[in-house]
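> This structure is in structure tokens; I'll ask about it shortly.
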Amino acid sequence: MPSLRELSLEDAERTAILNNPALLSAEQDIVAAEQRVREARFLFYPELGLQASASRYDARYPFALAPQYRSVLLFPSDHDAIFSGRAYLRQSVYEGGRYVNLLKLAQTALKQAQTQYDAVKLDVGFSTRRVFYRLMLAQEQHGAIAKRTEAAAQVLKRGLTGWERVEAEGLAAELRARENEARRAEETARLELLKNINLELDTPIKVVGGLATKPVEIDLDRATLWATELRPELQAETYRAQMDAISVNLAIGRRNPTLELGADYEVTGQRFPLRQNNWDLTVGLKIPFSYDFWTQLKQKKAEQRQGDIKRAEIHDKVRHEVRQAFDDLQFWQREWPSREDDFNRLRALAEAIGAQANSVPALRAQLGVLGAQERWLAAVHEHILARARLERAVGRKLGN
Numbered sequence: 030m031p032s033l034r035e036l037s038l039e040d041a042e043r044t045a046i047l048n049n050p051a052l053l054s055a056e057q058d059i060v061a062a063e064q065r066v067r068e069a070r071f072l073f074y075p076e077l078g079l080q081a082s083a084s085r086y087d088a089r090y091p092f093a094l095a096p097q098y099r100s101v102l103l104f105p106s107d108h109d110a111i112f113s114g115r116a117y118l119r120q121s122v123y124e125g126g127r128y129v130n131l132l133k134l135a136q137t138a139l140k141q142a143q144t145q146y147d148a149v150k151l152d153v154g155f156s157t158r159r160v161f162y163r164l165m166l167a168q169e170q171h172g173a174i175a176k177r178t179e180a181a182a183q184v185l186k187r188g189l190t191g192w193e194r195v196e197a198e199g200l201a202a203e204l205r206a207r208e209n210e211a212r213r214a215e216e217t218a219r220l221e222l223l224k225n226i227n228l229e230l231d232t233p234i235k236v237v238g239g240l241a242t243k244p245v246e247i248d249l250d251r252a253t254l255w256a257t258e259l260r261p262e263l264q265a266e267t268y269r270a271q272m273d274a275i276s277v278n279l280a281i282g283r284r285n286p287t288l289e290l291g292a293d294y295e296v297t298g299q300r301f302p303l304r305q306n307n308w309d310l311t312v313g314l315k316i317p318f319s320y321d322f323w324t325q326l327k328q329k330k331a332e333q334r335q336g337d338i339k340r341a342e343i344h345d346k347v348r349h350e351v352r353q354a355f356d357d358l359q360f361w362q363r364e365w366p367s368r369e370d371d372f373n374r375l376r377a378l379a380e381a382i383g384a385q386a387n388s389v390p391a392l393r394a395q396l397g398v399l400g401a402q403e404r405w406l407a408a409v410h411e412h413i414l415a416r417a418r419l420e421r422a423v424g425r426k427l428g429n
């Protein structure tokens, strides 16, 4: 059986980043985008190549080879073979800004892929913290209930009779049921954490670090400003706007003339060495007249407008997320110290009457202390999650 593995929050986040499929996929999107940038740069380089062919034929009348074999003219001859070789160069001199815009489009897509990776990384970090602290809460609650269940067992050993016995048995049964539920909740949280960080589901783990929190001082306006500047989703939509503008320029560029320079050197003959050679240097001008120019342009402008609407929607969504997370944080920041004070006061009172701890009234009172402890632990857990949600909404860590 594998040994128990203790996980801190840093260990869990590091493991999740290494194993998360969505993050690994987003990383490959960056690799693909980088290669598209390289491809776009290659468009500016001249096209160079070599071509060779050997044909066997029988001609009664003159004819030409297929265009892919350079349309070499063949005549009736005593020789039944012909050989050809050529070197060629093609260089685009002016393409109406198409290659420049394609390069800009690829570079912007790379930046968008990087911001999407950052967004996925933030999601992975938040989900890992959520399931990590859920398991820690389950561990703490299970331990607290188990302690009271053991105390109930000690009370039952006193040989109680009558209604006192009935009451003690009822309280002990309630504690045993709550302990079983807590054990089940702990196991469920453990499986969720293992799934989140992509470890084998039968791996024995225990989270360490303590369920503790501290107040966070932050201004709502500053948090909203940070979110509008740092959220990867908003940055990705900014790059999308740039890509839409480039797409419009590409559509406009379809009506611009293009200028190309080409050079060929060819040798052809029926016997080796091949001595018949040809060469050419060509400048070509192409002026397009496209029927669908306006439809393409209107389509790209409509897509650009859709992007503007989507960006406004995401901006409002981010502001709402920040406000909601901020309000949650403020509530739990006020609530958990109050619940902690209640628990500490009840615990101090119970410890002061330690001599009567094995009585039925003491057991009944311990249930009240347990409830206060569970409410305090839940409030600490909610404050930690509220802080994590606000950090996710803002896009950065808050304080220490």
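This note's numbering puts the first residue of the sequence shown at 30, with every later residue one more than the last. Think of the CB as a built atom: it goes at the ideal place given N, C-alpha and C, for glycine as much as any other residue. Here the structure is a predicted model, which is why all the values come from computation and not from measurement.
(1) Under 8 Å Cβ to Cβ from Arg65, same chain only, skipping five residues before and after it: list those, please.
(2) Go ahead and pull the three-state DSSP assignment for Leu94.
(3) Can you check which of these residues, Ala41, Glu35 and His410, is closest to Lys243 by C-alpha distance?
(4) Among residues of its own chain, excluding the 5 on either side of Leu77, which ones have a beta-carbon nearer than 6 Å to its beta-carbon?
(5) Please go through the segment 205-267 and give each complete alpha helix (DSSP H) segment of 4 or more residues, from N-terminal end onward.
(6) Ordered along the chain, which non-local residues of its own chain (more than five positions away) have a Cβ less than 6 Å from that of Asp248?
(7) Would you mind working out which of Glu193, Leu151, Trp192 and Ala197 sits nearest Val423, comparing C-alpha positions?
(8) May I ask which residues mark the beginning and end of the beta strand (DSSP E) holding Phe112?
(9) Cα-Cα, which of Lys133, Ala88, Tyr90 and Thr297 is closest to Glu430?
(10) Assign Leu378 to one of two classes, buried (16 or more other C-beta atoms within 10 Å of its C-beta) or exposed (fewer than that).
(11) With a cut-off of 8 Å on the beta carbons, I'd call Gly336 and Gly126 a contact; round off their distance for me.
(12) What span of residues does the beta strand (DSSP E) with Lys315 cover, start to end?
(13) Spatial neighbours of Ala202 within its chain, please: C-beta separation below 8 Å, excluding the five flanking residues on both sides.
(14) Could you tell me which whole beta strand (DSSP E) segments of length 3 or greater appear in the segment 141-180?
(15) Can you look up Arg85 in the DSSP assignment and give me helix, strand or coil?
(16) First and last residue of the alpha helix (DSSP H) that includes Gly400?
(17) Arg368 and Ala408 look like a contact to me (Cβ under 8 Å); what is the Cβ gap, rounded to whole Å?
(18) Can you tell me where the beta strand (DSSP E) with Val296 in it begins and where it stops?
(19) With the cut-off set at 8 Å, would you say Ala36 and Pro233 are in Cβ contact?
(20) Skipping 5 residues on each side, what residues in its chain have a beta carbon closer than 8 Å to that of Gln97?
(21) Leu52 to Gly154, Cα distance in whole Å?
(22) Please report the Cβ distance between Leu200 and Leu396, rounded to the nearest whole angstrom; I am assuming they are in contact, meaning their Cβ atoms lie under 8 Å.
(23) Would the segment 102-109 and the segment 164-176 be scored as touching if the rule is three or more Cβ pairs under 8 Å?
(24) Tell me the residue span of the beta strand (DSSP E) that contains Leu33.
(25) Whose C-alpha, out of Thr297, Ala211, Arg284 and Ala280, is nearest the C-alpha of Ile111?
(26) Helix, strand or coil: how does DSSP classify Leu427 here?
(27) With C-beta atoms as the reference, is Ala252 less than 8 Å away from Gln145?
(28) Can you list, in chain order, the residues of its chain whose CB lies under 6 Å from that of Glu193, leaving out five sequence neighbours each side?
(29) Within this structure, are the beta carbons of Glu295 and Ser106 separated by less than 8 Å?
(30) Do you know how far the Cα of Gln325 is from the Cα of Ile413?
(31) How is Gly78 classed by DSSP in three states: helix, strand or coil?
(32) DSSP on Leu38, reduced to helix/strand/coil?
(33) Given a cut-off of 8 Å, decide if His344 and Leu419 are closer than it, judged by their beta-carbon atoms.
(34) Per DSSP, which one or two residues make a beta bridge with Leu103?
(35) Quick check on Asn49: does DSSP put it in helix, strand or coil?
(36) So, are the CB atoms of Leu279 and Val122 less than 8 Å apart?
Let me lay it out:
(1) Taking C-beta separations shorter than 8 Å and ignoring five residues to either side along the sequence, the partners of Arg65 in its chain run Ala135, Ala138 and Leu139, following chain order.
(2) It is coil, neither helix nor strand.
(3) His410
(4) Leu118
(5) Those alpha helix (DSSP H) runs which fall completely within the segment 205-267 and span 4+ residues are 249-259.
(6) none
(7) Leu151
(8) Membership of Phe112 in the beta strand (DSSP E) is indicated by the continuous run Ala110 to Tyr123.
(9) For residue 430 there is no data in the structure shown, the boundaries of the chain being 30 and 429.
(10) exposed
(11) Here Gly336 is actually not in contact with Gly126; their C-beta atoms are around 21 Å apart, not less than 8 Å.
(12) Annotation for Lys315: the continuous beta strand (DSSP E) segment containing it runs Gln305 to Lys315.
(13) none
(14) none
(15) strand
(16) Val389 to Val423
(17) 5 Å between Cβ atoms; contact.
(18) Thr287 to Gly298 is the extent of the beta strand (DSSP E) around Val296.
(19) The residue you asked about is not Ala; residue 36 is Leu in the sequence shown. Contact flag unset, no.
(20) none
(21) 11 Å
(22) Between Leu200 and Leu396 the beta-carbon gap is near 7 Å, inside 8 Å, which marks them as a contact.
(23) no
(24) Neither: Leu33 is in no beta strand (DSSP E) and is coded neither H nor E.
(25) Thr297
(26) coil
(27) no
(28) Excluding residues within five positions, the ones whose Cβ falls inside 6 Å are Val389.
(29) Glu295 places its beta carbon 8 Å or farther from that of Ser106.
(30) 51 Å
(31) Of the three classes helix, strand and coil, the one that applies to Gly78 here is strand, per DSSP.
(32) helix
(33) Result no, Cβ atoms of Leu419 and His344 do not sit closer than 8 Å.
(34) Phe92
(35) coil
(36) no
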